[in-house]
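Put into structure tokens, the structure is as follows:
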């Protein structure tokens with residue numbers, strides 16, 4: 005008898021974005037003329053940079069004749085892309101990462117979801133709250149979360165984010181093994197300083213823990229003093245793995261390219277406490293369960309690092325950051341408390357006592373704006389919403405004008 | 005302390021194709037002038053069909069302006085592609101599969117590797133031998149295989165393929181829960197008839213087992229009486245999941261697109277023997293750990309079903325099948341026993357008593373031909389090699405001329 009993985013039955017039944025989609029669809033069907041503006045799901049809206057489009061076309065052309073055709077590529081990605089990444093994303097910031105420590109993939113969601121497979125099933129997970137739901141859900145599927153009680157899973161060590169700590173959680177007071185961190189944060193837009201990140205690295209060393217650092221939004225950092233990578237911190241190479249993506253950087257959400265950095269010194273341990281290097285483990289995982297990223301897509305990603313590509317990416321990021329500033333200004337006018345929006349496309353807004361879904365419904369029905377209810381990212385998200393800067397300037401301005409009218 | 009998944013340490017250390025690459029590289033460095041012909045790894049060599057190239061370019065163009073830009077697509081794939089698949093690959097062959105039972109992915113390797121996640125860790129796996137190594141390796145990683153003893157894993161029920169049974173294994177004589185089948189087979193090229201496949205479906209029903217049916221090579225079937233899909237068999241919708249790929253069909257090995265079919269009636273069971281539908285489980289797995297296939301790639305895959313696309317795909321398949329016939333003719337001349345090569349790009353050749361790696365080394369050093377040693381696909385592969393038709397006509401002819409000279 006083929007038995008299911010019963011851990012799946014512990015997942016909460018509805019995924020956040022489906023519930024949002026249902027409520028929006030219902031409102032739209034009851035109000036067919038409503039001009040709904042979406043500041044909800046974190047999807048980009050601007051075209052791929054022209055430099056990426058050109059390189060993408062050239063890559064496709066190479067597939068059109070036998071002599072330049074590309075079949076299976078290296079599972080870990082082409083060297084032309086990995087070398088650019090090492091140089092531009094790491095060496096230029098003083099982070100000591102080599103090309104063969106980089107694994108190209110089709111998405112940071114896949115990599116952050118899959119990486120936990122490398123670890124024992126009874127390790128203790130430390131998880132920020134609120135945070136991107138994939139970290140929790142993939143650990144529930146693997147059986148590490150235990151049962152849900154009052155909205156929380158019994159075996160997870162939650163790292164609470166609050167307005168008081170600026171949504172930068174404190175170090176846990178109990179032993180943990182695998183720590184998820186995400187900065188600039190999804191959903192709060194909070195950022196971490198080098199000295200605070202240094203504390204986490206020191207804590208991981210002391211605990212023999214591992215940090216999975218999700219830096220998918222690093223391109224939005226404008227404050228020169230903030231770290232873009234955990235590998236800008238001394239000692240991180242032994243205790244951290246980092247996830248990056250072209251999705252938000254260069255608009256690759258529908259094109260699909262990302263990468264994961266596993267330094268060659270990074271270790272985990274056997275039951276008998278021997279050190280094991282993680283790099284060959286992830287390499288084996290990827291070469292067994294993955295077959296590389298589409299060749300023309302890797303060519304398009306390489307173009308992000310060309311002079312034209314860098315300029316075009318910067319222009320798009322600045323446009324989104326201008327939207328974020330307009331949203332922050334509106335929140336200031338309306339006297340809503342918030343974090344984020346400075347080095348991030350997300351603004352995390354406190355609902356002045358409304359619960360998340362009430363605030364969501366109010367924005368939808370009064371202002372025809374879709375946001376993301378904070379509760380969808382964890383219990384500490386209750387009472388908050390996430391607004392996203394991923395839209396056109398005009399739509400963001402219209403949305404903020406509406407909010408000022410109905411919420412003032 | 006972050007502890008590793010020790011099941012990974014049970015994997016055999018070297019992956020088949022790396023060992024082949026090492027031996028070839030060493031030979032090439034010792035014989036820099038050698039003109040090596042690769043009939044080893046199953047990678048296509050011919051360009052993408054022009055219809056796919058055109059659609060690919062158009063898809064890229066849509067990403068170049070905001071008004072036609074595509075961000076995140078449906079995790080399960082765009083309806084335009086799923087509907088074509090349902091109509092062309094299934095309805096036209098009388099197989100009752102709907103568009104919403106199809107999940108588009110970036111590779112059949114990923115899907116055949118990931119699907120086991122949906123099941124309990126202590127189920128019994130039935131695995132053909134020889135077969136594509138991903139099925140075994142992903143179950144070793146999940147802890148289902150147990151320890152290796154004399155080249156076999158203690159908890160796996162092996163389904164032996166031999167020249168006597170034509171590499172179509174018998175039904176197992178003991179209870180099993182999850183059964184992997186692959187037809188046309190990789191590596192042997194053996195095919196299964198409807199009546200033999202009907203026996204497997206009946207067996208799975210009786211056992212409440214599930215069949216994972218890998219049909220990545222179905223496009224090579226020329227015998228009209230053979231099933232292309234397990235869903236051509238009555239009753240399969242309850243007990244089978246099928247994996248398909250554009251890799252070998254249309255040359256997408258470097259472009260990356262595949263799909264998995266999970267019928268809505270397909271069931272597994274809880275510990276307490278309640279039926280659970282698998283479709284929502286796989287949907288949840290994919291929407292949590294996957295983010296869809298690149299939009300232009302899905303447009304390229306859709307073009308496989310256009311009139312021009314079908315003709316261009318057929319031309320390429322026929323060219324590879326002509327190569328396969330030339331290889332079969334050479335094996336006949338040399339009086340080697342073999343299976344495959346008729347409805348498959350692979351020819352599985354018995355080494356007349358040489359072991360697999362000796363036969364590999366002999367072909368490499370005497371004829372400068374790279375094959376795949378059969379032992380790499382399981383213990384029953386010892387004494388065999390796999391020859392692949394994925395090369396140019398000229399190279400295949402040259403390779404066979406050399407073999408006739410050195411092996412006659």
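Chains as they are written, first to last, in the numbering used here: chain H, 5 to 412; chain X, 5 to 412. Where a beta carbon is used, it is the ideal one built from N, C-alpha and C, also for glycine. Predicted, not measured: the structure shown is a model, and the values here were computed from it.
Q | Expected contact under 8 Å - CB spacing of residue 290 of chain H and residue 107 of chain H to nearest Å | A | 6 Å
Q: Establish whether the CB of residue 219 of chain X and some CB of chain H are separated by less than 8 Å.
A: no
Q. How about residue 262 of chain H and residue 47 of chain H: are their beta carbons less than 8 Å apart?
A. no
**Q.** Closer than 8 Å at the beta carbon, the chain X residues around residue 186 of chain H
**A.** What residue 186 of chain H touches in chain X: nothing, since even the nearest Cβ is about 16 Å away.
(Q) Looking only at its chain, what residues have a beta carbon closer than 7 Å to the beta carbon of residue 43 of chain X, apart from the 5 residues adjacent to it on each side? (A) 373, 374, 375, 391, 392, 395, 403
(Q) Would residue 348 of chain X and residue 132 of chain X qualify as a contact pair, given that the criterion is a beta-carbon distance under 8 Å? (A) no
Q: Check whether the Cβ atoms of residue 340 of chain X and residue 134 of chain X sit closer than 8 Å, and answer yes or no.
A: no
Q. How big is the Cα-Cα spacing for residue 312 of chain H and residue 299 of chain H?
A. 21 Å
Q: Return no unless some Cβ of chain H is closer than 8 Å to the Cβ of residue 7 of chain X.
A: yes
Q. Which chain X residues sit within Cβ distance under 7 Å of residue 61 of chain H?
A. 61, 64
Q: Anything in the region 240-262 of chain H with a Cβ closer than 7 Å to a Cβ of chain X? List those residues in chain order, please.
A: 257, 258, 259, 260
Q) Considering only residues of the same chain and omitting the five flanking positions on each side of residue 338 of chain X, which have a CB-CB separation below 8 Å? A) 407, 408, 411, 412
Q | is_contact[residue 40 of chain H, chain X] using C-beta, thresh 8 Å | A | no
**Q.** Reduced DSSP category for residue 134 of chain H - H, G, I as helix; E, B as strand; rest coil
**A.** coil
Q: May I ask you to verify whether the region 314-323 of chain X touches the region 138-157 of chain X, counting CB pairs closer than 8 Å and requiring at least 3?
A: no
(Q) For a quick check, are the C-beta atoms of residue 343 of chain H and residue 192 of chain H less than 8 Å apart? (A) yes
Q) Got a sec? Which residues, its chain only, sit under 8 Å from residue 205 of chain H by beta carbon, not counting five neighbours each side? A) 215, 234, 237, 238, 239, 240, 243, 244
Q | Beta-carbon neighbours of residue 118 of chain X, restricted to chain A and to distances below 8 Å | A | This model lacks chain A altogether; the protein chains it does include are H and X.
Q) Just checking, does the region 271-283 of chain H make contact with the region 8-15 of chain X on the three C-beta pairs under 8 Å criterion? A) yes
Q) Listed in chain order, which residues of the region 198-226 of chain H have Cβ atoms closer than 9 Å to some Cβ of chain X? A) 208, 211, 212, 213, 214
Q) Which stretch, first to last residue, makes up the beta strand (DSSP E) that contains residue 392 of chain X? A) 388-392
Q) Can you name the start and end residues of the beta strand (DSSP E) that residue 214 of chain H belongs to? A) 214-218
Q: Let me know the alpha helix (DSSP H) ranges lying completely inside the region 195-250 of chain H, each 4 residues or longer, listed in chain order.
A: 198-211, 240-243
Q.
Any beta carbon from chain H within less than 8 Å of residue 326 of chain X's own beta carbon?
A. no
Q.
I need the straight-line Cα distance from residue 70 of chain X to residue 54 of chain H, nearest angstrom please.
A. 12 Å
Q: Could you run through the region 376-405 of chain X and flag, in chain order, every residue whose CB is less than 8 Å away from some CB of chain H?
A: 396
Q. Would you say residue 92 of chain H reaches chain X, if we count a Cβ-Cβ gap shorter than 8 Å as a contact?
A. no
Q: Using a cut-off of 7 Å between C-beta atoms, extract the partners of residue 280 of chain X located in chain H.
A: 8
Q) Hey, residue 306 of chain X and residue 99 of chain X: beta-carbon distance below 8 Å or not? A) no
(Q) If you reduce the DSSP assignment to three classes, tell me which class residue 128 of chain H lands in. (A) coil
Q) If you drop the 5 nearest sequence neighbours on each side, which residues of the same chain put their C-beta closer than 6 Å to that of residue 296 of chain X? A) 77, 79
Q: Over the uninterrupted beta strand (DSSP E) stretch that includes residue 262 of chain H, give me the two end residues.
A: 262-265
Q. So what does residue 409 of chain X bridge to, in DSSP terms?
A. DSSP, once it has assigned bridges, lists no residue as partnering residue 409 of chain X.
Q) Along chain X, in chain order, which residues have C-beta atoms closer than 7 Å to that of residue 275 of chain H? A) 7, 10
Q. Hey, out of X/160, X/116, X/21, whose CA is closest to residue 127 of chain X's CA?
A. X/160
Q: Just mark residue 95 of chain H as buried or exposed, buried being the case when its beta carbon has 16 or more other beta carbons within 10 Å.
A: exposed
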